[in-house]
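In the UniProt record's numbering, the protein residues as written are 1 to 156. Just so you know, even glycine gets a beta-carbon here, dropped at the ideal spot from N, CA and C. One structure is given here, and the rest of the page talks about it.
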């Protein structure tokens with residue numbers, strides 16, 4: 001799942017000399033619709049690329065912890081002011097309209113992430129420090145071992 005999302009963002013990253021670094025736990029298997037979860041992770045990676053300076057890196061990681069799968073996307077971008085962190089998940093919300101014209105987008109990416117994750121019984125949260133970057137973490141229920149086969153679980 002993460003490999004598909006990374007591959008879909010590779011050209012955009014290369015055009016800005018941004019290195020995508022992915023590390024996944026092979027035992028991290030989430031229960032859910034793989035294409036929707038790929039879309040959610042894709043949106044997080046695309047945002048990280050858009051808001052990162054050229055020549056930086058974006059990290060993508062997945063692990064299983066306490067009966068859940070955590071997928072984190074970390075950038076070295078501009079960061080998000082504390083007062084705006086919860087609003088970034090609202091539909092059509094743009095942090096900086098002047099910057100939005102430069103980076104493009106509709107302001108729906110993070111709203112879609114939140115919707116997909118909630119529909120899978122999970123949550124999404126953000127940590128950010130202005131001028132240093134952000135980390136978006138998706139937390140999903142781990143697939144039961146009996147269901148953790150490629151046709152039923154979404155492999156990270």
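For residue 14, name the three-state secondary structure that DSSP assigns. helix
Residue 49: which of 122, 5 and 30 sits nearest, CA to CA? 5
Cβ shell of residue 143 (< 7 Å), same chain only, five flanking positions each side left out: 29, 30, 31 and 153
DSSP state of residue 140, grouped into three classes? Strand.
Is it the case that the Cβ atoms of residue 134 and residue 75 are separated by a distance below 8 Å? yes
Quick one: what does DSSP say residue 160 is sitting in, helix, strand or coil? Because residue 160 is not part of the residues shown, which for the chain are 1 to 156, the question remains open.
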